[in-house]
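Quick note: the sequence shown, position 101, residue 158 per the working numbering, numbers continuous.
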Amino acid sequence: MFLLVGSVLTIFPISGQDVDPARSARNIRVKKLALNWQDEVVKLTNTDGTKIKGKLVDANFYHFILEKKDGKITEVPIDQITVVTLSPGIMELSLTVATGLLVGGFAMGFVSLTTPEASAAAQGVTALLGALVGSWMGYFTFYQEEVIELE
58 MFLLVGSVLT IFPISGQDVD PARSARNIRV KKLALNWQDE VVKLTNTDGT KIKGKLVDAN
118 FYHFILEKKD GKITEVPIDQ ITVVTLSPGI MELSLTVATG LLVGGFAMGF VSLTTPEASA
178 AAQGVTALLG ALVGSWMGYF TFYQEEVIEL E
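This is how it looks when you write it as structure tokens:
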């Protein structure tokens with residue numbers, strides 16, 4: 058019985074339901090994006106290449122709702138957006154710093170365990186270089202913009 062009803066519903070769409078499956082998939086993707094990235098800073102790229110930046114308040118099946126820096130609420134039609142870019146936040150920054158500290162600690166530990174006669178200055182320089190390399194690795198691993206193409 059369930060299979061019969063399900064197959065009938067896929068053949069004959071309910072009134073008000075999107076008929077285009079690509080549009081439906083896009084709308085579901087936008088709704089999930091709005092749930093996961095609500096209150097985060099996003100940059101929307103229009104079909105003509107213009108960019109709109111603001112805090113994502115909500116998204117429904119027809120509009121992105123953004124709050125600009127001046128507090129104004131802006132509705133942007135979903136059909137005009139091709140790319141959504143998510144800016145890195147405090148969590149990505151903390152992962153970058155933690156990676157730097159972790160690699161710096163491992164570098165200092167490696168030097169102190171492998172060369173017991175190493176001076177404190179040499180261990181400190183090694184820890185600093187390790188922290189710089191680790192921060193560089195963390196930056197290129199975690200602190201990047203996320204680009205989501207809607208088409």
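The beta-carbon is built from N, C-alpha and C at its ideal position, and this holds for glycine as well. Bear in mind that the values here come from a model prediction, so they are computed numbers and not experimental data.
Straight-line Cα distance separating I147 from Q95: 15 Å
C-alpha distance - P145 paired with G195, whole-angstrom precision: 13 Å
Per DSSP, the bridge partner or partners of L185: Answer by DSSP bridge pairing: none, since L185 is not bridged.
Cα-Cα separation, M58 to N103: Reliability of the predicted coordinates at M58 is poor, the pLDDT of 47 falling under 50, and the value obtained from them is presented with this limitation in mind. Straight-line Cα distance between these residues: approximately 45 Å.
Minimum C-alpha distance to F202 - residue among A82, L92, V99 and L170: Sequence check: residue 202 is Glu here, not Phe. If we check each option's Cα against that of E202, V99 comes out closest.
Outcome for L170 when other beta-carbon atoms lying within 10 angstroms are tallied against a minimum of 16: exposed
Classification of L185 by the beta-carbon crowding that lies within 10 angstroms, buried from 16 upward: exposed
Cβ neighbour criterion (16 or more within 10 Å) applied to A188: buried
Neighbourhood of F163 by C-beta, 7 Å cutoff - its chain only, sequence neighbours within 5 removed: G187
Beta bridge counterpart(s) of A216 as assigned by DSSP: The question about residue 216 has no answer here: the residues shown for the chain are numbered 58 through 208.
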